[in-house]
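Quick notes on the structure that follows.
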Amino acid sequence: MSTAPDPAEVFDRAVDEGHRRLEQSLLELAATSFIAGFTIVFGIVALGVVDGLIEPQFGKAAHVAGALTFGVGMVFLVVGRAELFNENFFDPVAAAAARDDTWLLAPIGRLWAVTLVFNLLGGFLFAVVFAVEGVLPPESSHALSRTAEGIVNRPARGIFASAIVGGALVSLLSFLLAAADSVGSRLTLAYLVGFLLALGPFDHVIVTAIHVFFGYLFDAAIGSGALGVTVVVSAAGNVVGGIGLVTFTHVAQVRGAEGRDD
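Take any residue in the sequence shown, note its place counting from 1, add 168, and you have its number in our numbering.
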């Protein structure tokens, strides 16, 4: 039975993966980010279909069933090695922390900006396809609209705090994936994190923005500026949770162990 790698080994793996992500061409990065955007829609739609079909008979328990199906979308992302915003926080920052001459601010900024834009573009375009009449059961549109209204009706501080949790959770997935050696372990981790993310539900800027966009498509009671506010606030929370809580603390853990060894 193999033992789990120590934090230093996990960090080294993350550095290698971070360099790979940072060295992508613009076309490759845009394509993988676009793929991630429409891939996560499968999880959102699965959640909406299950929630809508089960809710009349089982009430709030339908939310749990929907969360169980959303995890499939995260599995698709991990298997396809697509580029999802926030999921790419830990590895690039680890690569930057391993360098003594530069923090790689320009490549990291490019990575995150392109990922965010093309995640949203891919997700929104695929959501339009699913919103065509006859693609989804009628109950699904009601469930997705209800979710969208619930998101935008929260105070901004609620979205921000929820996004801190969501950012920490998804960035933790990146660390755990670097620690996992088997394909089965990686898929299980991706599924569990997807389940927890949807169970909260905790805000991830891409997932949350696509939910709100579905609300627009299904004529939910949402104000015209709600999508922009949601993207800005949830992205800020993801950065605080993903980088501030998870990424920097794991980097500090490894640096502290190196200082002790010296």
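We put the beta carbon where it would ideally sit given N, CA and C, even for glycine. Here the structure is a predicted model, which means the values were calculated and not measured.
Using the beta-carbon count (16 or more within 10 Å), is Ser392 buried or exposed?
-> Burial check for Ser392: the Cβ neighbour count within 10 Å stays below 16, so the residue is exposed.
Would you check if there are 3 or more beta carbon pairs closer than 8 Å linking the region 264-282 to the region 377-393?
-> With the cut-off at 8 Å, the region 264-282 and the region 377-393 do not touch.
Nearest to Trp280 by CA position, among Glu426, Ala198 and Ala172, is which residue?
-> When each option's Cα is compared against that of Trp280, the closest is Ala198.
Please determine if the region 247-266 and the region 170-177 are in contact, where contact requires at least 3 C-beta pairs separated by less than 8 Å.
-> Taking 8 Å as the limit for Cβ pairs, the verdict is that the region 170-177 does not touch the region 247-266.
is_contact[Thr237, chain D] using C-beta, thresh 8 Å = Within the model displayed, chain D is absent; a lone protein chain is all it includes.
Could you tell me how far apart the beta carbons of Val401 and Ile332 are, in whole angstroms, since I believe they sit closer than 8 Å?
-> Incorrect: roughly 11 Å between the Cβ atoms, too far for contact.
Could you tell me the distance, in whole angstroms, from the CA atom of Gly410 to the CA atom of Glu317?
-> In this structure, the CA atom of Gly410 is about 26 Å from the CA atom of Glu317.
By a C-beta neighbour count over all protein chains shown, 10 Å radius and 16 as the cutoff for buried, is Phe226 buried or exposed?
-> So Phe226 ends up on the exposed side.
Check Thr376 in the structure and name its three-state DSSP category.
-> DSSP places Thr376 in the helix class (H, G or I) of the three-state scheme.
Residue from Thr398, Val422 and Ala403 with nearest C-alpha to Arg322 = Checking every option, the nearest Cα to that of Arg322 belongs to Thr398.
From which residue to which residue does the alpha helix (DSSP H) around Asn256 run?
-> Looking at the DSSP string, Asn256 is not in any alpha helix (DSSP H), and its letter there is neither H nor E.
Classification of Thr270 by the beta-carbon crowding that lies within 10 angstroms, buried from 16 upward | Result: exposed.
Compare the beta carbon distance of Gly362 and Met242 with 8 Å and say whether it is the shorter of the two.
-> Taking 8 Å as the cut-off, the Cβ atoms of Gly362 and Met242 count as close.
Excluding the five sequence neighbours on either side, which residues of its own chain have a C-beta within less than 6 Å of the C-beta of Val296, listed in chain order?
-> Its chain contains no residue whose beta carbon lies nearer than 6 Å to that of Val296 once the 5 sequence neighbours on both sides are disregarded.
Within its chain, find whatever has a CB closer than 6 Å to the CB of Ala235; leave out the 5 residues flanking it on each side and keep chain order.
-> Taking C-beta separations shorter than 6 Å and ignoring five residues to either side along the sequence, the partners of Ala235 in its chain run Phe363, Ala366 and Leu367, following chain order.
Below 6 Å CB to CB, which residues in the same chain sit around Glu453 once its five sequence neighbours on both sides are set aside?
-> The question about residue 453 has no answer, for the chain in this structure spans 169 to 430.
First through last residue of the alpha helix (DSSP H) which encompasses Ile203 | Start and end: Leu194 to Phe226.
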